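In what follows, a structure is listed as structure tokens, so that the remarks can point back to it.
Protein chains in written order, with our numbering: chain A, 1 to 328; chain B, 1001 to 1328.
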């Protein structure tokens, strides 16, 4: 399946996901709460998580979608949006996707509550559509997200540079919910334990690979395509995988340069972007990151072989390829 | 049942509730997260919500407790604790039950996340012990709590003094979760729809009456018994029911005095406590509040008649009487 076909297949699904969320939010009695939730949810998000639930359900159910699929799917978008709302309060972020963040517009108090509402609604939807097994998935994913945030705070204090720490945080913050979204679709469709595990691995790997490619695009992307400035991670002092690998590999001048760069102020660090990029390149940080992303996607795609060929399998295979190949 | 017998009956239940929470929290992998949760949960709370779940289950199940009763019961204590954690962040509170608040000790970021963890855990416990019906109760209670907070924020801006607004906020912030805790016990024990409704009314009324008595004790309580200074609500500018009723009833000098008191600064307002108390007393604010609390408790107690006599029914009747008679 070509990338253009993939996008043409995802587009109507995105519209149905959005419609399901609008219908669900119509029950809210408080206009100011609704205003915050609409700002948080209808902001051009890619709906990757609910799409995975839907295609995993289709794959596991041999093309027939269980009645509650969309209501279960939007639980994962809600949980994602709730965590972004709380993250932006925690990080004092005033921007989200190029717009003012909800906390910048309405203050921390209402945004914490709006996140709580979405959080509760997500659990309610998951539990009432797919029962205890899906609740368990959602509960574990939330616990993993919270524990990963705590690990990251500790790590920030200790300036820990272990790559396995990077992956532990990434699995908790990003991988856990995406893995749960895919597995939940399989659960809803009555998949076998082996199929559930396959969807879980597929989703988790997709999430990790997506982030590794993000790390690469942050250094190497074309701003005209990504819509973002390059070097943002360096500016913010985020130790992403390319830099971590380079730090482990570098010797001599590159090593001392990379070591001292971390102690600079953010603007001074950003001014060194070209040299940092060169040092990462020379020490294999970019190629090793790309190799790891490719390996994750290979494994994810191999898991799909467990299912008979179907349009849903084609979509999931194309999505995995897209995550790796994407330029934006 | 005498008050001393009631307390002697509740004490071992409180110990079992605490033990169930300790066992449940043992699965947490992050020591700093666990530290915050222990501070938030093991702080001398009365465990009213889980106790209601347990006695409602016992009442509805004719004395036999379903296996998962304690795991379901603690979900309500978790949700309560989660909402207090987020409330204290929202209110910038540095004290909780006479100790430093969690946000004062560990900062807002970690406390928001700790609340999210408890929130998720509560839904997971409710959904996996008692299924979709209990999840629905928990989801509605959370939505009611969040919407009531939004209503209160709006009300604060508009200085709205309607008594029905006071009750709407109280039902959402306090009544909804307590009603759900009692109803959930009935659901778990397989109660009839009529019995479920009875437990819901019992719990909701108990929660409202508890708060009305709190409002009275704040003006009239004995600090040696309550452990709190009197006049705290006046100092903080909280328009509780005694004052709202007096404002509606007062004429002439009392009316203009009560009107202007609200525009004073908090310390100047608190200095007028004696006179405010006199004006509320003269205009029936205290007696009308006490009458309303008594009526709520009468209705709650009448609902118990739906069940055959049992030790659990005696406990719930004694608890209702205690809520009204308590001096602390």
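Using N, Cα and C, we set each Cβ at its ideal position, and we do this for glycine too.
Computed from a predicted model, the values in this text were never measured in an experiment.
The ligand ATP heavy atoms versus the CB of residue 52 of chain A: any closer than 7 Å? Ligands are entirely absent from the displayed structure, and the ligand ATP is therefore not among its contents.
Per DSSP, residue 1260 of chain B is paired with what? According to DSSP, which records beta bridges pairwise, residue 1260 of chain B is partnered with nothing at all.
Tell whether a beta-carbon distance below 8 Å holds between residue 1057 of chain B and residue 1185 of chain B. yes
For residue 263 of chain A, is the classification buried or exposed, using 16 other Cβ atoms within 10 angstroms of its Cβ as the cut-off for buried? exposed
When you check each C-beta in the segment 89-121 of chain A against every C-beta of chain B, which residues fall closer than 9 Å? 89, 90, 91, 108, 109, 110, 112, 113, 114, 115, 116, 117, 119, 120 and 121
At what residues does the alpha helix (DSSP H) containing residue 203 of chain A begin and finish? 193-220
Secondary structure at residue 279 of chain A, three-state DSSP: helix, strand or coil? helix
Are the CB atoms of residue 1292 of chain B and residue 1220 of chain B within a distance shorter than 8 Å? no
Quick check: what's the CA-CA separation for residue 1084 of chain B versus residue 1040 of chain B? 8 Å
Short CB-CB distance (under 8 Å) between residue 1210 of chain B and chain A: no
Simplified DSSP state of residue 1096 of chain B, which is helix, strand or coil: strand
Between residue 128 of chain A and residue 70 of chain A, what straight-line distance do the alpha-carbon atoms span, to the nearest angstrom? 12 Å
Need the endpoints of the alpha helix (DSSP H) that residue 233 of chain A sits in, please. 232-236
Just to make sure I have the definition right: I need the residues of chain A whose C-beta is within less than 7 Å of the C-beta of residue 1310 of chain B. Which are they? The premise fails here: residue 1310 of chain B is roughly 30 Å from chain A at the closest Cβ pair, so nothing lies under 7 Å.
State yes or no: is the beta carbon of residue 236 of chain A nearer than 8 Å to at least one beta carbon in chain B? no
Integer Cβ distance of residue 1052 of chain B from residue 1148 of chain B, believed to fall under 8 Å: Residue 1052 of chain B to residue 1148 of chain B, Cβ: 20 Å. No contact.
Of all Cβ atoms in chain B, is any one closer than 8 Å to the Cβ of residue 33 of chain A? yes
May I ask which residues mark the beginning and end of the alpha helix (DSSP H) holding residue 1043 of chain B? Unbroken run through residue 1043 of chain B: none, as it is neither H nor E.
Residue 1109 of chain B versus A:64, A:90 and A:63, residue with shortest Cα-Cα distance: A:90
With DSSP as the reference, label residue 1272 of chain B as helix, strand or coil. coil
Simplified DSSP state of residue 1251 of chain B, which is helix, strand or coil: coil
Check whether the Cβ of residue 1147 of chain B lies closer than 8 Å to any Cβ atom in chain A. yes
For residue 21 of chain A, report the span of its alpha helix (DSSP H) as first-last. 3-25
Can a CB atom of chain A be found closer than 8 Å to the CB of residue 1132 of chain B? yes
Enclosing alpha helix (DSSP H) for residue 167 of chain A [first to last residue]: 163-170
Given a cut-off of 8 Å on the beta-carbon distance, is the pair residue 1021 of chain B and residue 1077 of chain B in contact? yes
Rounding to the nearest angstrom, what Cα-Cα distance links residue 75 of chain A and residue 198 of chain A in this structure? 21 Å
In angstroms, rounded to a whole number, what distance separates the CA positions of residue 290 of chain A and residue 170 of chain A? 16 Å
Helix, strand or coil at residue 1298 of chain B [DSSP, three-state]: helix
Leaving out five residues before and five after residue 1137 of chain B in sequence, what residues of the same chain have Cβ atoms less than 8 Å from its Cβ? 1126, 1180, 1183, 1184 and 1187
Residues of chain A with CB closer than 9 Å to the CB of residue 1084 of chain B, please, in chain order. Under the 9 Å cutoff, chain A gives no residues; its nearest Cβ is about 12 Å from residue 1084 of chain B.
Whole alpha helix (DSSP H) elements within the segment 79-123 of chain A, 4-residue minimum: 102-106
Cut-off 7 Å between Cβ atoms - residues of its own chain near residue 13 of chain A, not counting five sequence neighbours on either side: 51 and 54
Are the beta-carbon atoms belonging to residue 167 of chain A and residue 1032 of chain B less than 8 Å from one another? no
Under 7 Å Cβ to Cβ from residue 304 of chain A, same chain only, skipping five residues before and after it: list those, please. 202, 313, 316 and 317
Can you check whether the CB of residue 246 of chain A is closer than 8 Å to the CB of residue 285 of chain A? yes
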